[in-house]
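First comes the structure, then the notes that go with it.
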Amino acid sequence: MAKVVSIGEVMVELARGADGRFGLSLGGDTFNTAVYLARAGVDTAYATALGDDRYSEAILASAQGEGIETALMMRVPGRTAGLYLIDTDAKGERAFTYWRDNAPARELFELPGWESVAERMIEASLIYLSGITLSLYSNTGLGRLFATLEFARERGARIVFDGNFRSINWKGDVARARAVYAQALKRASIALPTFDDEVMLWGDGSPAATAERLATFGVQEIVVKNGAEGALVVTGDASQFVPIPQPVEPVDTTAAGDSFNAAYLAARLGGEAPAVAAEAGHALAGRVIRHRGAILPRQANA
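Okay, so the sequence shown: first residue is 1 according to UniProt numbering, each after it adds one.
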């Protein structure tokens, strides 16, 4: 099985260009991370459910083209992939609009054959998921996901969680989001939150407060991303601030955190220290936000 399994949803992405027109691409937070992990040479699989429409076919082909293992991408006849639209302001900050309520990714852990996906997942060395992943599933689906994570942990897998909180995905139910996040954090070995998201969900006063709260769940390795302010890396009793190497004028901040996470994890899997891995994360994220859309063209990525 792949060294890393990333879980979530891939959607059709419409991003507005400099001329005001929209261009079509593919993306999704954990899928973006999977792409950048695969490009870094990490053996990566993606777990999701797709339809049988032309865009689901395009998603499957894109994953295969990136070298991502697709055996955990289930197919559901008669269904279609989700869609999201990105608008960016003058500072490159993005706003999302979604059409995804009927996408089959939401039923990954309730579809016939979900057990085979879970069985393959627990063979991985590292499982990566986000708050957006958690927002997809019903209580039944979440129960099965958390049970799968427990089995994987017992076999020695590390669970990596990026909070990536989007209020709209939880329909404003902050209490449920907190409860579900807590269950994920109890199982996480590594947390890679973004400070702004933690403020929205938990009301944290500083990156240090975020790290302290996450440590109470037993998370051993914490990296709090804070945009242009750099990142706070906490492992055990050691805490280190890792600044960005140089200021970057963003064109589009989509996938900044996703790409940071990929570079960080690739470096850690390669044996680098957490602070060095954070520097690698800053470097890749700095390149990504100079381009529109979630996924860099291969030439720009190189």
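For every residue, glycine included, the Cβ atom is placed at its ideal position computed from N, Cα and C.
>> Less than 8 Å between the C-beta atoms of P250 and G230, yes or no?
In response: Walking along the sequence shown from the start, residue 250 turns up at place 250. Walking along the sequence shown from the start, residue 230 turns up at place 230. In this structure, G230 does not lie closer than 8 Å to P250 by Cβ.
> Going straight from the alpha carbon of E110 to that of P247, what length do you get?
Replying inline: Looking up residue 110 in the sequence shown gives position 110. Looking up residue 247 in the sequence shown gives position 247. Spanning the alpha carbons of E110 and P247 requires a straight line of approximately 45 Å.
> For R75, which beta-bridge partners are listed by DSSP?
Replying inline: Mapped onto the sequence shown, residue 75 falls at position 75. In the DSSP assignment, R75 forms a beta bridge with L50.
> Is it buried or exposed for residue 365, if we count other Cβ within 10 angstroms and need 16 for buried?
Replying inline: The requested residue 365 is not part of the displayed model; the chain covers only 1 to 302.
>> By alpha-carbon positions, which one of M11, G20, R94, V234 ends up nearest to S56?
In response: Looking up residue 56 in the sequence shown gives position 56. Here the closest residue by C-alpha is M11.
> Which term fits A45, buried or exposed, when burial requires 16 or more other beta carbons within 10 angstroms of its beta carbon?
Replying inline: Residue mapping note: residue 45 aligns to position 45 of the sequence shown, counting from 1. A45 is buried by the Cβ-count criterion.
>> Given this structure, state the Cα-to-Cα distance separating A81 from P112, to the nearest angstrom.
In response: Here residue 81 is taken as the residue at index 81 of the sequence shown, counted from 1. Here residue 112 is taken as the residue at index 112 of the sequence shown, counted from 1. Across the structure, A81 and P112 are spaced so that their CA atoms are roughly 18 Å apart.
> Out of curiosity, what's the CA-to-CA distance linking V174 and G143?
Replying inline: Translated into positions along the sequence shown, residue 174 becomes position 174. Translated into positions along the sequence shown, residue 143 becomes position 143. The straight-line gap from Cα to Cα measures roughly 19 Å.
> Short check: CB of V4 to CB of D29, under 8 Å?
Replying inline: For this step, residue 4 is matched to residue 4 along the sequence shown. For this step, residue 29 is matched to residue 29 along the sequence shown. No, they are not a contact pair.
> Is the beta carbon of G131 sitting closer than 8 Å to the one on F96?
Replying inline: The residue you call residue 131 lines up with position 131 of the sequence shown. The residue you call residue 96 lines up with position 96 of the sequence shown. Contact: no.
> In angstroms, rounded to a whole number, what distance separates the CA positions of W114 and M74?
Replying inline: As a first step, residue 114 must be located in the sequence shown, where it is residue number 114. As a first step, residue 74 must be located in the sequence shown, where it is residue number 74. C-alpha of W114 to C-alpha of M74: approximately 8 Å in a straight line.
>> At the level of alpha carbons, what is the spacing between F146 and S6?
In response: As a working note, residue 146 is residue 146 in the sequence shown. As a working note, residue 6 is residue 6 in the sequence shown. Each residue's Cα considered, the two are about 14 Å apart.
> Can at least three beta-carbon pairs, one atom from the stretch 82 to 89 and one from the stretch 14 to 27, be found at a separation below 8 Å?
Replying inline: Here the stretch 82 to 89 lies against the stretch 14 to 27, with 3 or more beta-carbon pairs under 8 Å apart.
>> Between which two residues does the alpha helix (DSSP H) holding V180 run?
In response: In the sequence shown, counting from the first residue as 1, residue 180 sits at position 180. Run containing V180: 174 to 185, per the alpha helix (DSSP H) assignment.
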